[in-house]
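The structure under discussion appears below in the form of structure tokens.
Number of protein chains: 2
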Amino acid sequence: MEELVAGCVDAGVGGVGLWREETAAYGVEKTAALVRDAGLAVTSLCRGGFFNSPDWYDENRRAIDEAATLGAPVLVLVSGGLPPGSRDVDAARAHVGEAVGELVPHALAAGVRLAIEPLHPMFCSDRCVVSSLGQALDLAEPYPAEAVGVVVDTYHVWWDDQVWTQIDRAGRAGRIACFQVADWITPLPEGVLLGRGLPGTGCVELRRFREAVDAAGYRGPVEVEVFHADVWARPGRSVLDESLAGYLDHVA
Amino acid sequence: MEELVAGCVDAGVGGVGLWREETAAYGVEKTAALVRDAGLAVTSLCRGGFFNSPDWYDENRRAIDEAATLGAPVLVLVSGGLPPGSRDVDAARAHVGEAVGELVPHALAAGVRLAIEPLHPMFCSDRCVVSSLGQALDLAEPYPAEAVGVVVDTYHVWWDDQVWTQIDRAGRAGRIACFQVADWITPLPEGVLLGRGLPGTGCVELRRFREAVDAAGYRGPVEVEVFHADVWARPGRSVLDESLAGYLDHVA
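Respectively, the protein sequence lines represent chains A and B. Under the working numbering, the first residue of the first sequence is numbered 1, with each subsequent residue one higher. Under the working numbering, the first residue of the second sequence is numbered 1001, with each subsequent residue one higher.
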């Protein structure tokens, strides 16, 4: 955490998205102080969600509280896959919508916006039944836009020919809560979770996405979020530098 | 090939979908005679497509000819991913539509129907830029339904909440050329190609799909198509028996 914060400050990066595991390991209050003292904004906290877990309600309330403590305006929701043994994806999706609704009062009270993230359909069964931006918007729609938004993550939605229409819809509804950038590379690794590429190393039209969220009125941060064992094995500063260079060349 | 045909006949299976590699290895004419003499129908030939290859036109004409020789009424098209170095998925999709159109006269003359198969979005960059049934139907639409149809493969489209509407659309347009069944299981293997499950081993609502294509007017065969290294390593007859049992329990 200290290396991350020092690296961001040194590189002139003004904000950082945090994950709950690392924040919990370092200590939530301690992280909040570290980041605040460095003058860094926390752009989002990953992740709430996993609404197929029995303890989803309490766990998400804790996540909201942690986001508030960290000063993160957004809690990213990875909604979870199918319950064990279930084949009922419609029911699982409906449950996500209802669960988000149950969290809205606490989120509003804490000043933290819930952001439903559509994950790539290859994660539909085991990580997130919300598989497209259109679905995420449908689920968010019953609730106030200041309480429930959506995430646009290029890695998850680049293949979708309807994504441009849905980004426009999201913008008009004021629902884009978070914009994340990663590139698509192949072959995918076993389990497919750690297969992302740094910006510019893959086939996604990243600048087209940035221009689309711009045109839709999004004025928030751009988060680079790359899960890959090889990337994670490298020194943080080297990854940060390559991310910034990739951002300038392919996103900005 | 001989074991396959004998196994189908022995199990009372009246038709089989064939793949070009195996058919070429055994000999196309020889396969045609073997299958015909056994009283077996060839339900489809996999696969044409790969329109991002320089020789796509000649290669697909050959595939159409082989389907005609085998008596396969349908040539399944796996349309190919992005051209090397390209990020232009829109252009790649448009090219698929144009390429299919160029093949229509030859397909009509040969009595072979071209079937555009949407593949799961995890294959979008490297195997098939057609990622949803709606896209496949959009691409087929300019051409006569007797020349160009679509494939509904449960493995590729199960995650899509719009698939039910699109199956209905496909049925009304007389476009369902092929119905294939495989189940979704995790974790996905490296490269994700060989990750399918036999019917009933995963989370797909297979019967709902069969009922949907039925309701859409589809009266053709149901093909079970399972790519998995473990399945392929087993004796063919054991796989066939489990496929038939899974079909009866979860599809029929």
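Quick reminder that beta carbons are idealized off the backbone N, C-alpha and C, glycines included.
| Query | Result |
| --- | --- |
| Beta carbon proximity, residue 126 (chain A) to chain B, threshold 8 Å | yes |
| Buried versus exposed, by CB contacts within 10 Å (16 or more), residue 1187 (chain B) | exposed |
| 8 Å Cβ cutoff, residue 232 (chain A) in contact with chain B | no |
| Inter-residue spacing [alpha-carbon to alpha-carbon] between residue 84 (chain A) and residue 1098 (chain B) | 44 Å |
| Distance, residue 90 (chain A) Cα to residue 247 (chain A) Cα | 37 Å |
| C-beta contact flag for residue 198 (chain A) and residue 243 (chain A) at 8 Å | yes |
| Proximity below 8 Å, CB of residue 136 (chain A) to CB of residue 171 (chain A) | no |
| Simplified DSSP state of residue 1193 (chain B), which is helix, strand or coil | coil |
| 8 Å Cβ cutoff, residue 1186 (chain B) in contact with chain A | yes |
| Stretch-stretch touch, CB-based, cutoff 8 Å, three pairs: the segment 67 to 87 of chain A with the segment 40 to 48 of chain A | yes |
| Presumed contact (8 Å Cβ cut-off) between residue 1181 (chain B) and residue 1122 (chain B), rounded CB distance | Contact doesn't hold; Cβ gap of about 19 Å is too wide. |
| Selection of the segment 1194 to 1220 of chain B by Cβ proximity to chain A, strictly under 7 Å | 1203, 1204, 1205 |
| C-beta contact flag for residue 228 (chain A) and residue 194 (chain A) at 8 Å | yes |
| Pair within 8 Å by beta-carbon distance, residue 1158 (chain B) and residue 1204 (chain B) | yes |
| Which of helix, strand or coil DSSP assigns to residue 115 (chain A) | strand |
| Neighbour flag for residue 1121 (chain B) against chain A, beta carbons, 8 Å | yes |
| Distance, residue 1071 (chain B) Cα to residue 1254 (chain B) Cα | Beyond the ends of chain B as shown, which are 1001 and 1252, falls residue 1254 (chain B); an answer cannot be given. |
| Neighbour list for residue 190 (chain A) in chain B, Cβ cutoff strictly below 8 Å | 1187, 1188, 1189, 1190 |
| CA-to-CA distance, residue 1251 (chain B) to residue 212 (chain A), given in whole angstroms | 42 Å |
| Buried or exposed (CB count within 10 angstroms, at least 16 for buried), residue 183 (chain A) | buried |
| Option in A:165, A:37, A:69, A:95 with minimal Cα separation from residue 29 (chain A) | A:69 |
| Nearest-angstrom Cβ-Cβ length linking residue 256 (chain A) and residue 147 (chain A), presumed shorter than 8 Å | With chain A running from 1 to 252 in the structure shown, residue 256 (chain A) is simply not present. |
| Where residue 1180 (chain B) sits in the DSSP three-state scheme | strand |
| Within-8 Å CB hit, residue 1020 (chain B) to chain A | no |
| Ordered list of beta strand (DSSP E) runs contained in the segment 1068 to 1150 of chain B, each at least 3 residues | 1074 to 1078, 1113 to 1116 |
| Partner residues on chain A for residue 1135 (chain B), Cβ-Cβ distance less than 9 Å | 161 |
| CB-CB length for residue 82 (chain A) against residue 116 (chain A), believed under 8 Å | Incorrect: roughly 17 Å between the Cβ atoms, too far for contact. |
| Within-8 Å CB hit, residue 87 (chain A) to chain B | yes |
| Rounded C-alpha distance that separates residue 179 (chain A) from residue 222 (chain A) | 5 Å |
| Rounded C-alpha distance that separates residue 234 (chain A) from residue 241 (chain A) | 12 Å |
| Enclosing beta strand (DSSP E) for residue 46 (chain A) [first to last residue] | 41 to 49 |
| Proximity test, Cβ basis, 8 Å: residue 1243 (chain B) and chain A | no |
| Contacting residues, own chain, Cβ-Cβ under 6 Å from residue 25 (chain A) (five flanking each side not counted) | none |
| Member of A:125, A:108, A:210 whose CA lies at the smallest distance from the CA of residue 164 (chain A) | A:210 |
| Same chain only: Cβ atoms within 7 Å of residue 1 (chain A), ignoring 5 sequence neighbours per side | 22, 26, 31, 34 |
| Proximal residues to residue 1051 (chain B) (C-beta, below 7 Å), its chain only, five neighbours per side dropped | 1079, 1080, 1095, 1096, 1099 |
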